[in-house]
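Chains A and B, in that order, give the protein sequences. Quick note: the first sequence uses the working numbering, first residue 8, plus one each step. Quick note: the second sequence uses the working numbering, first residue 9, plus one each step. The beta-carbon is built from N, C-alpha and C at its ideal position, and this holds for glycine as well. Contents: one structure, followed by commentary.
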Amino acid sequence: MTTVPRRDRPGFYYPKPPATWWLRRPNYVLFMLRELSSVFIAIFLVLLLVQIHQLSQGPAAYAAFVERLRSPGWIAFHVVALAFALYHSITWFNLTAVVQVVRLGERQVPPRLVAAANFLLWGVVSLVILFFFLLGG
Amino acid sequence: MSTRKTSEPFWWGLFSVGGVVAAFLVPVHLFLHGLAVPLGWIPVSPARIQALVGHPLIKLYLFVLIALPLYHWAHRFRFILEDVGLHALRAPIAVLSYGSAVVGTVLTLWVLLR
Numbered sequence: 008m009t010t011v012p013r014r015d016r017p018g019f020y021y022p023k024p025p026a027t028w029w030l031r032r033p034n035y036v037l038f039m040l041r042e043l044s045s046v047f048i049a050i051f052l053v054l055l056l057v058q059i060h061q062l063s064q065g066p067a068a069y070a071a072f073v074e075r076l077r078s079p080g081w082i083a084f085h086v087v088a089l090a091f092a093l094y095h096s097i098t099w100f101n102l103t104a105v106v107q108v109v110r111l112g113e114r115q116v117p118p119r120l121v122a123a124a125n126f127l128l129w130g131v132v133s134l135v136i137l138f139f140f141l142l143g144g
Numbered sequence: 009m010s011t012r013k014t015s016e017p018f019w020w021g022l023f024s025v026g027g028v029v030a031a032f033l034v035p036v037h038l039f040l041h042g043l044a045v046p047l048g049w050i051p052v053s054p055a056r057i058q059a060l061v062g063h064p065l066i067k068l069y070l071f072v073l074i075a076l077p078l079y080h081w082a083h084r085f086r087f088i089l090e091d092v093g094l095h096a097l098r099a100p101i102a103v104l105s106y107g108s109a110v111v112g113t114v115l116t117l118w119v120l121l122r
């Protein structure tokens, strides 16, 4: 394996794996997909911001933008982005449950239970937003 | 071990908060605005959405929903690039990533407060 010098510690070197190191094991690929989920989430949020901006440009501009989102390409993007967003949520709740130790008295609440509480809260929050939007729309 | 002070904890904090916001709020909004509304599963009038977006509390909510996960993206994107071997470009990658999130925050404020 090639190495690169460490700027913070002269005389020491980082190992330099090839750029495709994460393709070697399924777990590494899942890690990369988890990291990549943030890109899809960010693109969606920028689109949402554009949508809000179009709203201020009048009903015609807004309708045209929503019409564009109906194209197969954008629908496909949003399906993929939704899958990535769900993957982020699932990995995030499982991870924070392990990192964040919750204590009840002397005892530590099992991480699985903390994760379950997170998942439950996620479901409730999502339903509240959904119903707020349905009733509001 | 370096005892040098860095801004790392600050950005990591924003990454963490943004990750929480993204985990709890983004999937349902992605479903709503990316699929349900464009495909006509949910009939919504633009006037009603405009009224919703005009509300100060909804504006605050949208700011949290849009701006904070941008820092989550910036942090992860930065390390994706480093992980595929761009160690030499550490500093410019960090500045560009976090800088983009800051620009995104300003744009979000501009769109919401105009």
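The Cβ atoms of A/Ala49 and B/Trp118 do not sit closer than 9 Å to each other.
Here the C-alpha atom of A/Ser133 lies approximately 20 Å from the C-alpha atom of B/Ser24. Classified as exposed, B/Ala99 has fewer than 16 neighbouring CB atoms from the shown chains inside 10 Å of its CB. Within the DSSP secondary-structure output, A/Pro12 pairs in a beta bridge with A/Tyr20.
Out of A/Phe51, A/Leu43, A/Ile82, A/Ala92, the CA that lies nearest to the CA of B/Gly112 is found in A/Phe51.
DSSP, read as helix, strand or coil, puts A/Gln115 in strand. By the Cβ-count criterion, B/Arg86 is buried, with 16 or more other Cβ atoms from all chains shown falling within 10 Å of its own Cβ.
Taking CB atoms only, A/Pro33 has no neighbour in chain B less than 9 Å away. One thing to note: A/Leu93 has its Cβ within 9 Å of the Cβ of B/Pro35. Here B/Arg98 carries a helix assignment [DSSP, helix/strand/coil]. Secondary-structure assignment with DSSP links B/Arg84 through no beta bridge to anything. Between the alpha carbons of B/His95 and B/Leu65 lies a gap of roughly 42 Å. In the DSSP annotation of this structure, the continuous segment of the alpha helix (DSSP H) that includes A/Gln61 starts and ends at 33-63.
Distances from the CA of A/Arg110 to each of A/Val121, A/Val73, A/Leu102 were compared; the closest alpha carbon is that of A/Val121. Distance between B/Leu115 and A/Gly130, taken at the CA atoms: about 30 Å. Burial of B/Ser105 is indicated by the presence of at least 16 other C-beta atoms within 10 angstroms of its C-beta.
Counting C-beta atoms within 10 angstroms of its own C-beta, A/Gln115 has fewer than 16 neighbours from the protein chains shown and is therefore classed as exposed. The C-beta separation of A/Ala83 from B/Gly42 comes to about 11 Å, leaving the pair out of contact by the 8 Å criterion.
Your pair A/Tyr69 and A/Leu62 checks out as a contact, with CB atoms roughly 5 Å apart and the cut at 8 Å.
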